[in-house]
Amino acid sequence: MTAAPDRQILIGVHVTGAGEGLAATLSSVFENTPLPFGLRILPDSAAASRAPGLLQLRLAPVSMVQRPSPAQPGAAACFNQLVSEPADIYVFLENGVRVCPGWLELLLAALDSDASHGLAGPSTNRGWNEQAVAPNCGSTQEALWDQADALLARYGNAWVPLAPLHSLADFCYTVKNEVVAAIGAADTAYTQGPCWEMDYNVRAARAGFLGVWVQGAFVHRAPRCAVLAPVHDGLLEANKRLYQDRFCAWRRESHPQAPPYHGHCVGDDCRYFAVPELMRIFVPLPGNVAPAPQVPAATASPLLSCVMPTRGRAAFVAQSIRYFQRQDYPALELIIVYEDESDLPAGIDDPRIRCIRMPARTSIGAKRNEAVRVAWGELIAHWDDDDWYGAQRLSRQAAPILHNLADVTGLNDMLFMARPLAEFWASSRALFRRLFVENVSGGTLVFRRSLWEHHGRYPDTSLREDADFLVKALRGGARLCRISGRSLCIYVRHDGNTWKFKEGHYLQQAAWTLVPAPVCLSDDDRDFYFPAAPGGTGDTVGAVGTEGSPTPAMPLVSCIMPTADRREFVPQAIRNFLAQDYEPRELIVLDDGRDSVADLIPSHGSIRYLRLDRKSTLGAKRNMACELARGEVIAHWDDDDWMAPTWLSSQVKALRGQGADICGLDKVFFYAPDARRAWQYVYDGRTPWVCGGTLCYLREFWRSAPFADIDVGEDNAFVWSVRDKRIATNPDQHLYVARVHDRNTSPKDTWNRRWHSYPVEHVERLIR
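Whatever position you read off the sequence shown (first residue = 1), add 265 for my numbering.
Written as structure tokens, this is what we have:
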């Protein structure tokens, strides 16, 4: 599951009582949030500002700051403080919750799947509404991991609206900035009691934004706060009445006697509920919210020393130095411990790099000990010579230590690069826990130097020395924070690895998944790992040669056709492709159905067929096909639709002629052959949109905004991604007809106002 890399996410933690569990909440956020984010600590009151759980934090660097307590306590007032700052996504968390792997990616995918989705929340273990699906979940870390895995396996990327009550709970309340722009602030009249979150959700719904429950995401709630619970419960009846005063149109009518309050509002099932003309939708944000405080300049980042033991890998060392020089952490040094001059590349001239020579055949453990001994830094980072590192790796790993939430951090959920085969593999979360001690890669540890001084040195070995050091430190009381490394590190597998195993097969073959090359890997990095053949382009990952070369004026168009058990449609789709008058083109067919269609694929230089060994979502298959594509332009080629011979030519003309990133149709013919009915879908929304089956886009744009890992709505999420884009409308609507049948991937709501009946004879004439 992906999100736009430039999306600004602001997470606020509402602190009540003594701040019990605050450290666990913040640690879980750092552990399980691979996307960049800012943190705001939101104390409910002046007393909460002095809570022991809050005082132990270090609020540097500027990514985590504490807001002043509001004049009037309550979750709504603290929520308003959060949304008063500019951001694209706001996440309001209850103190004590522990977010679990995949939580935010799933919530964002649900919001991105439809422009009308404005709020989202996960499943949990405690609550009064539908979201509390795991009441028996334990509180150990292993129990939370298992529960998150189970919910993801059961629900996948599914989401459901919470109508008729609009009852999205506030323990994890995720809101798009478009919602805040439309309805403003939460109603602080609910003070420290319940119902403010339902009030906000109802107003959002009347403004056109649904709240959705994302069933596969899991956030664990701690027991109720002993200080706040009696206050919260004492306000329940008063707030239920306030809620009915806000939204019950019947109460606004004239009656001989004041109408009674209902014990339970039924929401949209009542015709008097939330009539837009009779309710207040927009509430202005308070104008007296204090700006977020800046961190004093004195809180400079401590020096972090990276230690790199190496031998016989000069080319890897040179590349690893480049990764070191890209890091955004401000105070660094790199200590390289080597044995022979041939171990080092020529021309190391960075003053932050020191090289220490040791005798031949010195163990990796001994080299690490020497590097830490001579290091000047307060923090130490393992820096393996052969792995890929993202520019934010060190800053992301140092943050929990600098905030006094951990003493050591390590990465998990990393991809594995099989360099000799130019393949990338992902393991399941459960398998990763089996592969690595304490569920982190030992080669990615960052820790306080004092751990090495107080708990002892690395063992004098060249295998597991990092894991053994970690276990010893944890037994001595060190606190570990496990951070998702999907965009921070790639474990590079090659013939010279110290630890030998076969990626894709080791321990449990079914728990490995072959994935496309990650977008975080730059073209220069790809060229290092997969050098070009003589006369080639350097893009060898999944590349397959085709006949001829396109001229500069005619870009190669890669048509991508994910399919599964559509044997009756595939031959016509291939005939449509071969009939195109646009010459430089290729067709990539990805098949994960139970019934392989390999026998239907002709032997043709411009058609490639890949049989996948396991089911993937439609979004994942589209990403894989785009990764394999050789063309600079990508065109969707749905297996069940009809395209005229001039379709690709018209798409390229629209895309290039209008200087766009994406093009397609916003008026689409649909044909149901069994019922002999036809429609034209006419999009009339304010946000630019083109139909998913007709998408044609630049491969470079896809790299910046890949498809969400979902089966339905991945194309709409792509079109409506927050990344800036130019969308062109292809006027040649007569060149494409979509087929309606009982096995469409997305349901066709032909009763919708945008669907217009169309003479079936006219459509049939097009496709003859």
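Each residue gets a CB set at the ideal place from its N, CA and C atoms; glycine is no exception.
Could you give the DSSP three-state label for residue i: helix, strand or coil?
i: His431; result: coil
i: Arg942; result: strand
i: Trp393; result: coil
i: Met463; result: helix
i: Phe793; result: helix
i: Asp788; result: helix
i: Gln337; result: coil
i: Lys886; result: helix
i: Phe712; result: strand
i: Thr674; result: strand
i: Gly303; result: strand
i: Arg661; result: helix
i: Glu730; result: helix
i: His529; result: coil
i: Tyr936; result: strand
i: Gly318; result: helix
i: Ala970; result: coil
i: Ala482; result: strand
i: Trp954; result: coil
i: Val637; result: helix
i: Val862; result: coil
i: His1006; result: coil
Looking at the strands, I want to know which residues DSSP matches up with residue i.
i: Gln998; result: Note: Gln998 sits in no beta bridge, so no partner.
i: Trp690; result: Phe681 and Leu779
i: Thr439; result: Val356 and Ala385
i: Lys767; result: Answer is none; Lys767 lacks a bridge partner.
i: Met623; result: Paired residue(s): none; Met623 is not in a bridge.
i: Glu606; result: Its beta-bridge partners do not exist; DSSP assigns none.
i: Gly929; result: Thr994
i: Gln331; result: Ile306
i: Tyr874; result: Val854
i: Cys746; result: Thr674
i: Val822; result: Arg850 and Val898
Among the options, which residue has its Cα nearest to the Cα of residue i?
i: Asp452; options: Glu443, Asn422 and Glu462; result: Glu462
i: Leu716; options: Gly707, Val705, Val702 and Arg744; result: Arg744
i: Ala776; options: Glu718, Asp733, Ile853 and Ala695; result: Ala695
i: Ala636; options: Val987, His647, Val572 and Ala691; result: Val572
i: Arg879; options: Leu855, Asn888, Arg1019 and Ser706; result: Leu855
i: Glu518; options: Asp860, Lys767, Phe935 and Phe538; result: Phe538
i: Thr994; options: Lys918, Ile629, Gly552 and Val356; result: Lys918
i: Leu275; options: His668, Leu358 and Arg587; result: Leu358
i: Phe935; options: Asp760, Gln945, Arg315 and Phe344; result: Gln945
i: Glu604; options: Pro595, Pro616 and Thr627; result: Thr627
i: Pro549; options: Thr828, Val348, Ile872 and Gln273; result: Val348
i: Leu416; options: Tyr465, Ala472, Ala446 and Val479; result: Val479
Taking the beta carbon of residue i as the centre, do at least 16 other beta carbons fall within 10 Å, making it buried, or is it exposed?
i: Arg751; result: buried
i: Ala523; result: exposed
i: Val639; result: exposed
i: Glu296; result: buried
i: Gly284; result: buried
i: Pro820; result: buried
i: Arg468; result: buried
i: Ala380; result: buried
i: Phe547; result: exposed
i: Glu370; result: buried
i: Thr882; result: buried
i: Ala943; result: buried
i: Glu730; result: buried
i: Ala798; result: For Ala798, the pLDDT reaches just 39, beneath the cut-off of 50, and the residue's location in the model is therefore unreliable, although a value from the coordinates is still provided. Exposed: under 16 other Cβ atoms inside 10 Å.
i: Lys505; result: buried
i: Thr290; result: buried
i: Glu230; result: Because the chain spans 266 through 1033 in this model, residue 230 falls outside it and cannot be assessed.
i: Tyr1001; result: buried
i: Ala940; result: exposed
i: His431; result: buried
Between residue i and chain C, is there a C-beta pair that is closer than 7 Å?
i: Ile601; result: Structure shown: chain C not included; a single protein chain is present.
With residue i and residue j assumed to form a contact (beta carbons below 8 Å), what rounded beta-carbon distance in angstroms separates them?
i: Ala894; j: Arg964; result: 6 Å
i: Trp902; j: Phe972; result: Not a contact, Cβ separation roughly 15 Å.
i: Pro387; j: Val531; result: Between Val531 and Pro387 the Cβ distance is about 25 Å, and since that is not below 8 Å, they are no contact.
i: Val705; j: Asn669; result: Not a contact, Cβ separation roughly 19 Å.
i: Ala413; j: Cys365; result: 4 Å
i: Gly403; j: Ala487; result: No, Gly403 and Ala487 are not in contact; Cβ-Cβ is about 13 Å, not under 8 Å.
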